[in-house]
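Peer 1: Take a look at this one; I'll ask things after.
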Amino acid sequence: MASFYSKDGYPMRLLLLLALVALALPAYADGDAGADGGFIVVQSTTSTRNSGLYDAILPQFTETTGIQIRVVAVGTGQALRNARNCDGDVLLVHATAAEEEFVEDGYGLSRTDLMYNDFVLVGPSDDPARVADTTSINAALSAIADSRAPFASRGDDSGTHKKERSLWAGAEVDPSGDSGTWYRETGSGMGATLNIASGMNAYTLTDRATWIAFANKGDLRILAEGDEDLFNQYGIIAINPVRCPAVKATPAQTFIDWLLSDGGQSAIAAYRRDGQQLFFPNAKPE
Numbered sequence: 552m553a554s555f556y557s558k559d560g561y562p563m564r565l566l567l568l569l570a571l572v573a574l575a576l577p578a579y580a581d582g583d584a585g586a587d588g589g590f591i592v593v594q595s596t597t598s599t600r601n602s603g604l605y606d607a608i609l610p611q612f613t614e615t616t617g618i619q620i621r622v623v624a625v626g627t628g629q630a631l632r633n634a635r636n637c638d639g640d641v642l643l644v645h646a647t648a649a650e651e652e653f654v655e656d657g658y659g660l661s662r663t664d665l666m667y668n669d670f671v672l673v674g675p676s677d678d679p680a681r682v683a684d685t686t687s688i689n690a691a692l693s694a695i696a697d698s699r700a701p702f703a704s705r706g707d708d709s710g711t712h713k714k715e716r717s718l719w720a721g722a723e724v725d726p727s728g729d730s731g732t733w734y735r736e737t738g739s740g741m742g743a744t745l746n747i748a749s750g751m752n753a754y755t756l757t758d759r760a761t762w763i764a765f766a767n768k769g770d771l772r773i774l775a776e777g778d779e780d781l782f783n784q785y786g787i788i789a790i791n792p793v794r795c796p797a798v799k800a801t802p803a804q805t806f807i808d809w810l811l812s813d814g815g816q817s818a819i820a821a822y823r824r825d826g827q828q829l830f831f832p833n834a835k836p837e
């Protein structure tokens, strides 16, 4: 009678099944995407996805290289935590100090400026805090605090929330003691926070790209902009394969190199909503 077991005692059918599964899996070498391009994971801030930028530029990259991009769009703080947990291949966020710390701690290979835009302070058209009469973002926030007009904060450790906290500090105001009164922490992304601000006629800080793409503006309008403290820089980092061995280092670097190239920078500059340019490339490759 023919034996249905290997010499090691394992059922032959099981060994055959395992062999077929192994053959069916993509061949990845050193954690990199296979010959057909495969995919990489980008840990990203929500503003780049909500603005529609990725829908506009990623197909161009995939057509050129065959590499698919899977974007995990969360607040910058969460994206950094995800990357520290080795979840992803590339980090694209907007909190320069936290990004530099990420690299210094050995989780990223290097950080490079990619593009920029700015933050704007939006609020109700009747402007109860008289923000439109102020001459700086610090004065605008002080006016909101003094009037106790409703302010919706993301409260989620995102890049926008980090910027907001630094602006309150610059205005010498600590709104945390008023949390739940005029200062409302949503714990949500930018789109959800704008919806809340629109619903309650509150002030809020938002990146300009998300504001331009946001459809439910209601009675909100831009009341403070143009201050140099509202500058919003985005950076890009390859996650360190020494710290995170599963990183697909080669296709990750291919993606970064493309974004920093003339072609990638031109694709970023060409993206517009309602005729307005949302991001301004400023890469300085090393």
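Mapping the sequence shown onto the working numbering, position 258 (from 1) lands on 809, and the numbers just tick up by one.
C-beta atoms are modelled at their ideal positions from N, C-alpha and C, and glycine is treated no differently.
(1) If you check the beta carbons only, do aspartate 707 and serine 739 fall under 9 Å apart?
(2) For asparagine 636 and valine 592, I'd like the C-alpha separation in whole angstroms.
(3) Which same chain residues, not among the five before or five after threonine 737, have their C-beta less than 8 Å away from its C-beta?
(4) Could you give the DSSP three-state label for glycine 585: helix, strand or coil?
(5) Do glycine 721 and isoleucine 688 have their beta-carbon atoms positioned less than 9 Å apart in this structure?
(6) Using DSSP with H/G/I as helix, E/B as strand and the rest coil, what is phenylalanine 806?
(7) Would you report the Cα separation of valine 673 and alanine 648, rounded to the nearest angstrom?
(8) Could you give the C-beta distance for isoleucine 618 and phenylalanine 590, rounded to a whole number, given that I count them as a contact under 8 Å?
(9) Do alanine 624 and alanine 818 have their C-beta atoms closer together than 9 Å?
(10) Where does aspartate 770 fall in DSSP's three states?
(11) DSSP on proline 679, reduced to helix/strand/coil?
(12) If you count every other CB in all the chains shown that lies within 10 Å of the CB of glutamate 779, and 16 or more means buried, which is it?
(13) Quick check on the burial criterion: 16 or more other C-beta atoms within 10 angstroms. Buried or exposed for serine 554?
(14) With distances taken between CB atoms, is the gap from leucine 810 to isoleucine 787 smaller than 9 Å?
(15) Here's the rule: buried if 16 or more other CB atoms are within 10 angstroms of the residue's CB, otherwise exposed. What is phenylalanine 831?
(16) If alanine 694 sits next to threonine 685, beta carbons under 8 Å apart, how far is it from one beta carbon to the other, in whole angstroms?
(17) Using the Cβ count rule (16 or more neighbours within 10 Å means buried), how would you classify valine 682?
(18) Taking the alpha-carbon positions, what's the glutamine 784 to methionine 666 distance?
(19) Using the three-state DSSP reduction, which class does serine 661 fall into: helix, strand or coil?
(20) Closest by CA to alanine 775, which one among Arg824, Leu692 and Thr761?
(21) Could you have a look at leucine 829 and say whether DSSP puts it in helix, strand or coil?
(22) Does the Cβ of tyrosine 667 lie closer than 8 Å to at least one heavy atom of the ligand ADP?
(23) Note down the Cα distance separating aspartate 640 from alanine 803, rounded to an integer number of angstroms.
Peer 2: According to the structure data:
(1) Locating residue 707 in the sequence shown gives position 156, counting from the first residue. Locating residue 739 in the sequence shown gives position 188, counting from the first residue. Cβ distance < 9 Å, so aspartate 707 and serine 739 count as in contact.
(2) Sequence index remark: in the sequence shown, residue 636 carries index 85 (1-based). Sequence index remark: in the sequence shown, residue 592 carries index 41 (1-based). Spanning the two alpha carbons is a distance of roughly 13 Å.
(3) The residue labelled residue 737 in the question sits at position 186 within the sequence shown. Result list for threonine 737: Ala703, Ser704, Arg705, Gly706, Asp707, Ala743, Thr744 and Ile747, in chain order.
(4) By 1-based counting over the sequence shown, the position of residue 585 is 34. Legend: pLDDT at glycine 585 = 42, less than 50; position of this residue unreliable, value from coordinates given subsequently. Note: glycine 585 maps to coil in three-state DSSP.
(5) Indexing the sequence shown from 1 puts residue 688 at position 137. Indexing the sequence shown from 1 puts residue 721 at position 170. It is a contact, given that the beta carbons lie within the stated cut-off.
(6) For this step, residue 806 is matched to residue 255 along the sequence shown. It is helical.
(7) Taking the sequence shown and counting its residues from 1, one reaches residue 673 at position 122. Taking the sequence shown and counting its residues from 1, one reaches residue 648 at position 97. Answer to the nearest angstrom: the Cα atoms are 25 Å apart.
(8) Translated into the one-based positions of the sequence shown, residue 618 becomes position 67. Translated into the one-based positions of the sequence shown, residue 590 becomes position 39. That belief holds up - the Cβ atoms of isoleucine 618 and phenylalanine 590 are roughly 7 Å apart, short of 8 Å.
(9) Along the sequence shown, read from residue 1 onward, the residue named residue 624 stands at position 73. Along the sequence shown, read from residue 1 onward, the residue named residue 818 stands at position 267. No, these two residues do not count as a Cβ contact at 9 Å.
(10) Sequence index remark: in the sequence shown, residue 770 carries index 219 (1-based). Of the three classes helix, strand and coil, the one that applies to aspartate 770 here is coil, per DSSP.
(11) Start at 1 with the first residue of the sequence shown, and residue 679 comes out as number 128. In the displayed model, proline 679 falls within coil according to three-state DSSP, outside both helix and strand.
(12) One-based indexing of the sequence shown puts residue 779 at position 228. Taking every protein chain shown into account, the CB of glutamate 779 has fewer than 16 other CB atoms within 10 angstroms, so this residue is exposed.
(13) To locate residue 554, count along the sequence shown from 1; it is residue 3. Reliability of the predicted coordinates at serine 554 is poor, the pLDDT of 45 falling under 50, and the value obtained from them is presented with this limitation in mind. It counts as exposed.
(14) The residue you call residue 810 lines up with position 259 of the sequence shown. The residue you call residue 787 lines up with position 236 of the sequence shown. The answer is yes: Cβ separation under 9 Å.
(15) Position 280 of the sequence shown, counted from the first residue, corresponds to residue 831. With fewer than 16 other Cβ atoms within 10 Å, it is exposed.
(16) Counted from its first residue, the sequence shown places residue 694 at position 143. Counted from its first residue, the sequence shown places residue 685 at position 134. Taking the Cβ atoms as the reference, alanine 694 lies roughly 6 Å from threonine 685, within the contact range of under 8 Å.
(17) Here residue 682 refers to the residue found at position 131 when the sequence shown is read from its first residue. Buried, by the Cβ-count rule.
(18) If you number the sequence shown from 1, residue 784 lands on position 233. If you number the sequence shown from 1, residue 666 lands on position 115. Looking at the two C-alpha atoms, the distance is approximately 6 Å.
(19) Within the sequence shown, residue 661 is the residue found at index 110, counting from 1. Annotated three-state conformation of serine 661 is strand, per DSSP.
(20) In the sequence shown, the residue the question calls residue 775 occupies position 224. That would be Leu692, whose Cα lies nearest to the Cα of alanine 775.
(21) On the sequence shown, residue 829 is found 278 positions in, with the first residue counted as 1. In the structure shown, leucine 829 sits in coil (DSSP, three-state: anything other than H, G, I, E or B).
(22) In the structure on display, the ligand ADP does not appear, and there are no ligands present to speak of.
(23) Counted from its first residue, the sequence shown places residue 640 at position 89. Counted from its first residue, the sequence shown places residue 803 at position 252. Our two residues, aspartate 640 and alanine 803, have alpha carbons roughly 6 Å apart in a direct line.
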